[in-house]
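In this note's numbering, the protein residues as written are 419 to 562.
Ideal Cβ positions, reconstructed from N, Cα and C, are used throughout, including at glycine.
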Amino acid sequence: MNVPAGAKHIAGIGVDLAHIARIERVYERYGMKFARRVLGREEIRMFQQRGRRDPRRGIRFLASRFAAKEAFSKAIGLGMHGPMAWSRMQTLNAPGGKPQVSLEDPLASWYASRFGAAHVSITDESDLVVAFVVVEARASGAAQ
419 MNVPAGAKHI AGIGVDLAHI ARIERVYERY GMKFARRVLG REEIRMFQQR GRRDPRRGIR
479 FLASRFAAKE AFSKAIGLGM HGPMAWSRMQ TLNAPGGKPQ VSLEDPLASW YASRFGAAHV
539 SITDESDLVV AFVVVEARAS GAAQ
């Protein structure tokens, strides 16, 4: 198969399915301790903002970000082993609402030396959230 010049190559794919009720039970038991372990700084702010308006929306947000982090960890092949940590990967929304991956060091540096762009998609239903992550390979010619 001939691949066009400049074509992107997939380095990893990850998917995760989370039951919202399960995340809710863990949050009920551990509260903000659980949220701070899973969410990054900006995600915590968004979680609290949504939760103040509607607690169910807050839990749905927490579950969606949990699933996105799990999917991302699978796509990069680490699972939850260093330098991957839940709070070092955030899924933030662009002005138009599109979810985007945002990384903090040391994960950001580790990732940049191995991969290109990361793409995340999240969807939810009444009792489930699903996150799907595609990680591009680094552009050829990039320093190793």
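Within 10 angstroms of the beta-carbon of Q518 lie fewer than 16 other beta-carbons, which makes it exposed. In this structure, F465 sits near F479, with a CB-CB distance shorter than 9 Å. Between the alpha carbons of I494 and A557 lies a distance of about 16 Å.
Between D545 and H437, the CB-CB gap stays under 9 Å.
Here V433 is bridged, per DSSP, to F550. Counting along the chain, the unbroken alpha helix (DSSP H) around L525 starts and ends at L525 to A530. CA-CA distance, M498 to S505, rounds to 11 Å.
Counting the other CB atoms within 10 Å of its CB gives R447 a total below 16, which places it among the exposed residues. DSSP places L480 within a helical segment (H, G or I) once states are collapsed to three. Within the DSSP bridge table, the entry for F533 names A555 as partners.
Under DSSP, D542 forms a beta bridge with V547.
DSSP places M464 inside the alpha helix (DSSP H), whose first and last residues are R459 to R471. CA-to-CA, the gap between R532 and G430 works out to about 11 Å. When secondary structure is reduced to three states using DSSP, M507 falls in the strand class. Taking G476 as the centre and dropping the five residues before and after it, the same chain places the C-beta of F465, R468 and G469 closer than 7 Å to its C-beta, in chain order.
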